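Engineer: Residue numbers (the working numbering), protein chains in the order written: chain A, 5 to 909; chain B, 10 to 179; chain C, 57 to 516.
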Amino acid sequence: MATIHVDGQSYTVNGAHNLLQACLSLGLDIPYFCWHPAMGSVGACRQCAVRQYKDQEDDQGMLVMSCMTPAADQTRIDIHDEEAKAFRASVVEWLMINHPHDCPVCEEGGHCHLQDMTVMTGHDRRRYRFRKRTRRNQYLGPFIAHEMNRCITCYRCVRFYNDYAGGIDLGAFGTKDNVYFGRYQEGILESPFAGNLTEVCPTGVFTDQSHSDRYTRKWDLQFAPGICHQCSMGCNISPGERYGELRRIENRYHGEVNGYFLCDRGRFGYGYVNRSDRPRLPEWRESPDSESVSFDVDDALARVSDALHHARRVIGIGSPRASLESNHQLQMLVGKENFSTGIEAREQACLELMNDLQRNAGLPTPSPREIEDHDAVLVLGENPVQSAGRLGLNLRQAVLFRREALGQAIGVPAWNAEALKTLAQDRCHPLFIAWPAPTDLDDVAEFRHALGPDGIAQLGFAVAHAIDPAAPAVGDLPPGIAEAAERIATALMAAERPLVVSGGSLWSEAVLEAAGNIARALSRRAKRGGLILIRREANSTGLALMGGQPLDWALDELAQGSANALVVLENDLYQRLPSQRVDAALARAEIRIVLDHQRTATTARANFLLPAASFAESDGTLVNLEGRAQRFFQVYDPTYLRPETRIHESWRWLHALTVNLRGEKTSDINLDTVVRACAEAHPALAGMVDAAPGSNYRIDGLRLAREPHRYSGRTSMRANQNVSEPRVPQDPDSAFAYSMEGYSGHREPRQQVPFAWAPGWNSPQAWNKFTDEVGGHLRGGDPGVRLIHPEPGQGCYRQPPQNSEGTDVLRALILPRLFGGEETSALATPIQQRTDAPSVVLNPDDARRLAVATGDIVNIGEGPAVPVLEQQDWPAGWAGLPAGLIAGLLPGKSITLHKAAGGEP
Amino acid sequence: MATTPQTTGLIGSDGFHLHPADEAAMLEEMAHYEQPQAACIEALKIVQRRHGWVPDEAIVAIARVLGIGPAAVEGVATFYSLIFRQPVGRHVVLVCDSSSCFLTGFDELKRALVSQLGIDYGQTTDDDRFTLLPVCCLGACDGAPALMIDADTYGPVSAGDLPDLLEGYP
Amino acid sequence: MRQAIPGQRDSRRYRSRLLQPEAERHADTHPLTWRLRDDGEAVWLDDYLRKDGYQSVRKALDDGDPQAVIASMKAANVRGRGGGGFSTGLKWSLTLQGGEMPRGYLVCNADEMEPGTFKDRLLMEQQPHLLIEGMILGAYANNSCYGYIFLRGEYVESARVLNLALDEAREAGWLGADINGSGFDFDIAVHTGAGRYICGEETALINSLEGKRANPRAKPPFPGQSGAWGKPSVVNNVETLCNVPAVILNGADWYQTLSGGRTDDGGTKLYGISGPVENPGLWELPMGTTGAEILERAGGMCGNRQLKAWLPGGASTGFLLPEHLQLPLDFDTVGKEGSRLGTGLLTVVPDHQSMVALMRNLEEFFARESCGWCTPCRDGLPWVVKLLQALEWGEGEEGDIELLDKLAADCGPGLTFCAHAPGAAMPLQTALKHFRHEFEQGVRKPGSKAHQDPIPVGEV
Ligand SMILES: Cc1cc2nc3c(=O)[nH]c(=O)nc-3n(C[C@H](O)[C@H](O)[C@H](O)COP(=O)(O)O)c2cc1C
Ligand code: SF4
Ligand code: FES
């Protein structure tokens, strides 16, 4: 803590900050461009000048860049000094010299940091009377549009893309007033975090291409606090809607989970919400190939309840991509004993094991932000960027933070970004990866051990044993693995805070047990460390907490005829188990009721299809990979602009069915009620009530506004249907109003912020107004509540299993992939465009045995034709296939390869 | 990132190959420094010595040899004035336009060059013989006005000297 | 490839030369140049050894006390000849050494691109071993493990000579492992650049050495804390390093007397002059020699020209007037007159020269050579150029000169990321101060026709 004096006032600030960050944290405005809370200072733009005085006697002082000056104790500055103000005005004037002033047609307009800063400095007259310089733009792929004329050369893009996210294809080119930021050659931006450029860039150089297709100004969008549904990270998002369509997704600041950044799957994968083929009305179909008939709600409820009423026994299949509330309501409908999680048995076992390990492996689960405080990392059987997107960025920072440690030794502050980079060069905290294929973190890893699942488990058990001899040893360890285990163990023990990362990607309980043993060993050796376990889907953790039978059980019950009716909640069973098996089960189910917001192979088999709300049209709770329950809220009411649609939250449908079935009079239900009921029914979920404030939450007696106060056109929005404006929808479920009326300020601390805006701060940098200190936590507390807590003294070491690899059978190893590897986002056009062409990876020996070579096209079983890719260190006996390529193909299943027709026999 | 960059360049895309001797020279250069990136500028100069300029494919090739990203190489290649990212003539004429030369007849010399070669800065004669570029003070101010043709520095040079001087560079 | 060079062209070839005959140069008065040959050929190792070569290295290594080298340099008050004038001994004393610190680098700044400067070239082309010897001493004092001579790419001859000399020195055991049996290891490589004035800024130079874009680095941390590859590094100018051997061999007191009481700064300086003078050239003269004496040595202005103004040490220094010719040219005196000694190589401006046109030329240089990192320099200087161009063409507008004042002030020290933009500001400020009327003449008179089209950007 330090005391600083600003414009004659004394303040207490964090002395480890620079003056810019300290002043912004106090709520004082200083304009800036090149500085970014997550990326530190470089002193390039010179916009943040203030006058600094040596001491109380000094009445001269000198201009300094506040971003490059430590907030040391007794620092004296004036922000409002005339000369400082004049200099800052000059800087903006220079930046605007070549700027096209195209705000009216620029997609950044209205949430533009450059606009904000230009207004803040008072620059309103153009004096430069010469010609502007212009440049050409590049095609950068389906996500990002490029308009270089708007560039103000703040260098933030390359600093984020290269220094922070590890990209290598975007750069700064040229010199003088002709610095160009782009790809070294036109083409798709390779980084899976490229989308953050749209927020990192202070103006409209990098904009959201998916938004561009259906553009709306920020002030005309309607928002609600969202949680990304595209993986288990639970990043907080601000989805924006106009005319009943989701138009873009922006990062919603969360101090512990996602900070300022998202991955591209989360940002650009929302397109499925807008698909025109979505079910919008209840449908009934005699058989899969007959025409469907649509109904209205009451009719549908009556018919479906009638069908259920006559059913012998109803099985409910839940979903790890649906909310806790919807899953709970399904349980209510079918009864606990008839409820399945909708997750395949082996995956479910892994999920339950992960929840167990989180409780009793002896190491706490760090939040994604806390991951960055660890100084040695072992990734056991995961490729985090592909399986948990954003988490990969946290891990990269953990490794790079060696810079800060080195800087500390010679007195370079943590915010002095370029200096730390220079100092550290390529010195990183140790990162070890055990994964069969190249990963996105290899460039900062000490080494990657290419092993199959069993080998990875062996390595893990050996590491645990090397850390704590009391942990069981692994017999017959190959020398390479033994040596690697020693090295890893030594590095983990040498660290202050070692981190173990593992997860369910390989569907291997052995790998998870191994990770658990390492965690236990570290905790027994009194290490302050962490264990983080990656799950596959947005609510995998929640479903494992809720409990239920695995999907296999449900299908067996149906196939055996012990039940004849089925309700499927937002789940495509064909993605999870082989089609023969699903077909067999569905064939025996006389009544097949499916709720979903997408058309899938499963909805195609439904005789009743109820149109479910996507995350954008519903509220609910998800539990992320930390075990954090987080609430997402309905962004818009789909019936407001399309009164003909009958989309409802799954939990609402299911509740209505339950009530109907019981013959009760339809009683109203709202989110609060479901949340409470769910929490009461499942002790493990009891804490979820506190994930967010209830519907009666008010600030200054007001609901919270979903729309910025400049929202325009509401009265004419429905003019094509009816010139008189209806009353805006009333929201019984949350404290948010479908209106610009309501609280949208930053002064009152709050957790739930639909969109960040503060007077003078329209850009995403407005988040700085909502935090306790810039880059810290939301003043109202970071949203969500942890449901899984460590239980001291519970765990014991597990025994390593036998290595069963290296047999003659070829088994499938499913490689998670960010683009195309997740069911719903894979339906979004930009994600489809960004999905790499698939291949099947083989060890060269296996390839020889199978008489195939790199480039040969092969069929996998009956599946699609893909080229072979031989990879030197790929584990023998495994065929690597990208997730999402072959629906229902289970990891570890033996497969056959045939050269595709046209190739040799 | 794990993905290997692919080249889609238009200029010189037909048949650029990194000469084995050039690759060897780059590897040797790398050994002089703590980090391979330090050989980047020299690597660009090695390519330029052979090809006269640095085609797009060379950027990717150098990145591969040095084990750094292609954008880093391109960033360097476009920073320095003596790295040419467009084809140049067989000979490059660098005219010093800094203060001492400016004070002693640069204007006249430049005009003479432009009229005799028929090209301005950044252009190449039709016969691909000369490319004309400005250069920072050549450190030959006591011989101003000065110019450089390829590796040779001349000064003082008057407009009248030019025909004879240029003749030496066929 | 090229044919043998016929007569006429050959005589036009530029050769670096000193305009002082051997007879005038002595070991005890001309530490930098006394060994130079009148024929301008390089002084190779044999010749160099015969003339006390490597004696100071021998002495320092025999003494075995690197701190003593620093102490001598401090006492001699050798000030940086790269233009900054910072005490070399003091800089060396701040280099992190010992403890956990790895051995770092000694980097010789041989980027010489300051307009009007042509001194380092002479030392490198004609007396490479003096530089090598200075570098060994510097490395010894700073515990550097390796040295780089960062040489601008255009100095082809310097590169050739230096590389031959380095081979000679290595062969003779003055470089490499265990130099002269002292246990001290050090070697040097020549690193040639690829153009850009900003590479001469010491931290940009380090980035360039590392194979990066030559953007300067923030200070602190200074190179002595975290320089090349994050190791403690020292950057010194060629001439600075060439002063070291004589200081170590003859002592700080002797060095102090060289300036003969003209100034508090000791030693000699390679002074020079260029522009329209009869005999532009270089001389080694006592520190504090006056401009008048240098102009006189050069035979005065060309033809019947009168001196209008002069730059004391390169394009980034402020204009002085004829009345300043009597001042001793040392760092502090010139500094007091609103200029800087810079590199100590004078550029003279004749009476008929338009200051507006000259300023336009200078600012074009600075705008073109901006690294593009910070805003005032990157976007402010091109505006300056366009305003000057407008004034030069008589198309200036009311307020342009005040705008130039403000732009120059905004590019001043501390406001920009490095000293490049302040270097552009200083000549502009002094020109506006001394020759404001010339700029005013460029402003369109009321009533004259306003120009229709915006002024073309041109190649700035
Ligand atoms: C834009 C700029 C260009 C410079 N160019 C050179 C140069 O070409 N040669 C040089 O020795 N110093 C140059 N300097 C000064 C160096 O930054 C540095 O101060 C010098 O190399 C230190 O050496 P010295 O203390 O021996 O003078 C330049 C400085 C700036 C700001
Ligand atoms: S460089 Fe600093 S000086 Fe500039 S904004 Fe960026 S933050 Fe500030
Ligand atoms: S290059 Fe340093 S001020 Fe711009």
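Note that the Cβ used here is the ideal one computed from N, Cα and C, for glycine as well.
Source: prediction; values computed, not measured.
Just to confirm before moving on: does the CB-CB distance between A:Phe299 and A:Gly552 stay below 8 Å?
Structural biologist: As a position in the first sequence, residue 299 of chain A is number 295, starting the count at 1. As a position in the first sequence, residue 552 of chain A is number 548, starting the count at 1. Not closer than 8 Å, so no.
Engineer: Just to confirm the assignment, what range does the alpha helix (DSSP H) spanning A:Ser309 have?
Structural biologist: Taking the first sequence and counting its residues from 1, the one referred to as residue 309 of chain A is at position 305. Unbroken alpha helix (DSSP H) run through A:Ser309: Val301 to His314.
Engineer: Determine which residues of the segment 416 to 431 of chain C have a Cβ less than 7 Å from any Cβ of chain B, and write them out in chain order.
Structural biologist: Answer in chain order: Asn417, Leu418, Phe421 and Glu425.
Engineer: Please give the ranges of any beta strand (DSSP E) in the segment 42 to 67 of chain B, keeping only runs that are unbroken, at least 3 residues long and fully inside the region.
Structural biologist: You should have found no qualifying run.
Engineer: How would you label B:Ser107, buried or exposed, when you count the other beta carbons within 10 angstroms and need 16 or more for buried?
Structural biologist: The residue given as residue 107 of chain B occupies position 98 in the second sequence. With 16 or more other Cβ atoms within 10 Å, it is buried.
Engineer: Note down, one range per segment and in chain order, each alpha helix (DSSP H) of at least 4 residues found wholly within the segment 348 to 391 of chain A.
Structural biologist: If we require 4 residues or more, the alpha helix (DSSP H) runs fully inside the segment 348 to 391 of chain A come out as 349 to 364 and 372 to 375.
Engineer: Would you kindly work out how many angstroms separate the C-alpha atoms of A:Ala869 and A:Leu645, rounded to a whole number?
Structural biologist: Here residue 869 of chain A refers to the residue found at position 865 when the first sequence is read from its first residue. Here residue 645 of chain A refers to the residue found at position 641 when the first sequence is read from its first residue. So the alpha carbons of these two residues sit roughly 43 Å apart.
Engineer: Is it the case that the Cβ atoms of C:Glu425 and B:Cys145 are separated by a distance below 8 Å?
Structural biologist: Taking the first residue of the third sequence as 1, we reach residue 425 of chain C at position 369. Taking the first residue of the second sequence as 1, we reach residue 145 of chain B at position 136. Taking 8 Å as the Cβ cut-off, C:Glu425 and B:Cys145 qualify as a contacting pair.
Engineer: At 7 Å on the CB atoms, spell out the chain C contacts of A:Glu422, in chain order.
Structural biologist: Looking up residue 422 of chain A in the first sequence gives position 418. Chain C residues near A:Glu422: Arg273 and Ala274.
Engineer: Which residues in chain B sit within 7 Å of A:Phe177, going by Cβ to Cβ distance?
Structural biologist: For the purposes of this step, residue 177 of chain A is taken as residue 173 along the first sequence, with counting starting at 1. Glu83, Gly84 and Thr87, listed in chain order.
Engineer: Can you name, in chain order, every residue of its own chain whose Cβ lies under 7 Å from the Cβ of C:Glu334, other than the five neighbours on each side?
Structural biologist: The residue you call residue 334 of chain C lines up with position 278 of the third sequence. Cβ within range, chain order: Ala354, Gly355, Gly356 and Cys358.
Engineer: How would you list, in chain order, the residues of chain C whose beta-carbon sits under 7 Å from the beta-carbon of B:Ile92?
Structural biologist: Counting from 1 along the second sequence, the entry for residue 92 of chain B is found at position 83. Neighbours of B:Ile92 on chain C, chain order: Ala250.
Engineer: When the Cα atoms are used, what is the spatial distance from C:Gly200 to C:Ser143?
Structural biologist: As a position in the third sequence, residue 200 of chain C is number 144, starting the count at 1. As a position in the third sequence, residue 143 of chain C is number 87, starting the count at 1. The sequence given here places Ser at residue 200 of chain C; Gly does not occur at that position. Whole-angstrom Cα-Cα distance: 19 Å.
Engineer: Identify, in the order they occur along the chain, each residue of the same chain with its Cβ nearer than 6 Å to the Cβ of A:Leu537, setting aside the five sequence neighbours on each side.
Structural biologist: As a working mapping, residue 537 of chain A is identified with position 533 in the first sequence. Excluding sequence neighbours, A:Leu537 sits near Met358, Ser506 and Gly507.
Engineer: Is C:Thr296 near ligand 1, judged by its Cβ being under 7 Å from some heavy atom?
Structural biologist: Here residue 296 of chain C refers to the residue found at position 240 of the third sequence. Yes, the beta carbon of C:Thr296 sits closer than 7 Å to at least one heavy atom of ligand 1.
Engineer: Do the segment 815 to 834 of chain A and the segment 266 to 283 of chain A touch if we need at least three Cβ pairs shorter than 8 Å?
Structural biologist: Yes, they touch.
Engineer: Please name the residue in A:Leu658, A:Val277 and A:Arg307 whose C-alpha comes closest to that of A:Arg289.
Structural biologist: Residue numbering aside, residue 289 of chain A sits at position 285 when the first sequence is read from its first letter. It is A:Arg307 whose Cα lies nearest to the Cα of A:Arg289.
Engineer: Taking the alpha-carbon of A:Pro417 as reference, which of A:Leu782, A:Leu549, A:Gln25 and A:Glu621 has the nearest alpha-carbon?
Structural biologist: Translated into the one-based positions of the first sequence, residue 417 of chain A becomes position 413. With distances taken between Cα atoms, A:Pro417 lies closest to A:Gln25.
Engineer: Run through the segment 785 to 864 of chain A for me and flag every whole alpha helix (DSSP H) of 4 or more residues, listed as ranges in chain order.
Structural biologist: Counting only runs of 4 or more, we get 833 to 838 and 848 to 853.
Engineer: Under 8 Å by Cβ, that's how I've got A:Pro22 and A:Thr73 pegged, so tell me the actual separation to the nearest angstrom.
Structural biologist: The residue labelled residue 22 of chain A in the question sits at position 18 within the first sequence. The residue labelled residue 73 of chain A in the question sits at position 69 within the first sequence. According to the sequence displayed, residue 22 of chain A carries Asn and not Pro. Yes, they are in contact, since the Cβ atoms of A:Asn22 and A:Thr73 sit about 6 Å apart, within 8 Å.
Engineer: CB of C:Thr151 to nearest heavy atom of ligand 1: below 7 Å?
Structural biologist: On the third sequence, position 95 is the one that residue 151 of chain C refers to. Flag unset: Cβ of C:Thr151 not near ligand 1.
Engineer: Below 7 Å on C-beta distance, what does A:Ile101 contact in chain C?
Structural biologist: For this step, residue 101 of chain A is matched to residue 97 along the first sequence. Within 7 Å Cβ-Cβ: Asp435 and Trp439.
Engineer: Taking Cβ-Cβ distances below 7 Å as the criterion, which residues of the segment 54 to 79 of chain B are in contact with chain C?
Structural biologist: Listed in sequence order: Lys54.
Engineer: Looking at the strands, I want to know which residues DSSP matches up with A:Arg252.
Structural biologist: On the first sequence, residue 252 of chain A is found 248 positions in, with the first residue counted as 1. For A:Arg252, which the question treats as bridged, DSSP gives the partners A:Gly244.
Engineer: Can you list, in chain order, the residues of its chain with a C-beta nearer than 7 Å to that of A:Ala770? Leave out the 5 residues immediately preceding and following it.
Structural biologist: Residue 770 of chain A sits at position 766 when you count from the first residue of the first sequence. Contacts found: Ala760, Trp761 and Ala762.
Engineer: Assign A:Thr607 to one of two classes, buried (16 or more other C-beta atoms within 10 Å of its C-beta) or exposed (fewer than that).
Structural biologist: Mapped onto the first sequence, residue 607 of chain A falls at position 603. Its Cβ being crowded by 16 or more others within 10 Å, A:Thr607 is buried.
Engineer: Hey, C:Arg114 and C:Gly96: beta-carbon distance below 8 Å or not?
Structural biologist: Counting from one through the third sequence, the residue named residue 114 of chain C turns up at place 58. Counting from one through the third sequence, the residue named residue 96 of chain C turns up at place 40. Taking 8 Å as the Cβ cut-off, C:Arg114 and C:Gly96 do not qualify as a contacting pair.
Engineer: Taking only beta-carbon atoms, is B:Ser161 less than 8 Å away from chain C?
Structural biologist: In the second sequence, residue 161 of chain B corresponds to position 152, counting from 1. According to the sequence displayed, residue 161 of chain B carries Asp and not Ser. So yes, B:Asp161 belongs to the interface.
Engineer: Please state the DSSP three-state secondary structure of A:Glu874.
Structural biologist: Taking the first residue of the first sequence as position 1, residue 874 of chain A is located at position 870. Strand, per DSSP.
Engineer: Compute the Euclidean distance between the alpha carbons of B:Arg120 and B:Ser167, then round it to the nearest angstrom.
Structural biologist: For the purposes of this step, residue 120 of chain B is taken as residue 111 along the second sequence, with counting starting at 1. For the purposes of this step, residue 167 of chain B is taken as residue 158 along the second sequence, with counting starting at 1. Approximately 11 Å, taken between the alpha carbons.
Engineer: Which ranges does the alpha helix (DSSP H) cover as unbroken runs of at least 4 residues, wholly within the segment 108 to 141 of chain A, from first to last along the chain?
Structural biologist: As far as the segment 108 to 141 of chain A is concerned, its whole alpha helix (DSSP H) runs of at least 4 residues are 117 to 125.
Engineer: Do A:Ser330 and A:Leu573 have their C-beta atoms within less than 8 Å of each other?
Structural biologist: For the purposes of this step, residue 330 of chain A is identified with residue 326 of the first sequence, where counting begins at 1. For the purposes of this step, residue 573 of chain A is identified with residue 569 of the first sequence, where counting begins at 1. Yes, Cβ-Cβ distance for A:Ser330 and A:Leu573 is below 8 Å.
Engineer: Pull out every residue of the segment 161 to 173 of chain C whose Cβ sits closer than 8 Å to any Cβ of chain B, in chain order.
Structural biologist: The residues in question are Glu168, Met169, Glu170, Pro171, Gly172 and Thr173.
Engineer: So with Cβ pairs under 8 Å, would you call C:Glu266 a contact of chain B?
Structural biologist: In the third sequence, residue 266 of chain C corresponds to position 210, counting from 1. Cβ-Cβ to chain B under 8 Å: yes for C:Glu266.
Engineer: Please list the segments of the beta strand (DSSP E) lying wholly inside the segment 351 to 392 of chain C, counting only runs of 3 or more residues, in order along the chain.
Structural biologist: Listed in chain order, the complete beta strand (DSSP E) runs (minimum 3 residues) inside the segment 351 to 392 of chain C are 363 to 367.
Engineer: Please find out if some non-hydrogen atom of ligand 1 comes closer than 7 Å to the beta-carbon of C:Arg137.
Structural biologist: One-based indexing of the third sequence puts residue 137 of chain C at position 81. Because some heavy atom of ligand 1 lies under 7 Å away, the Cβ of C:Arg137 counts as near it: yes.
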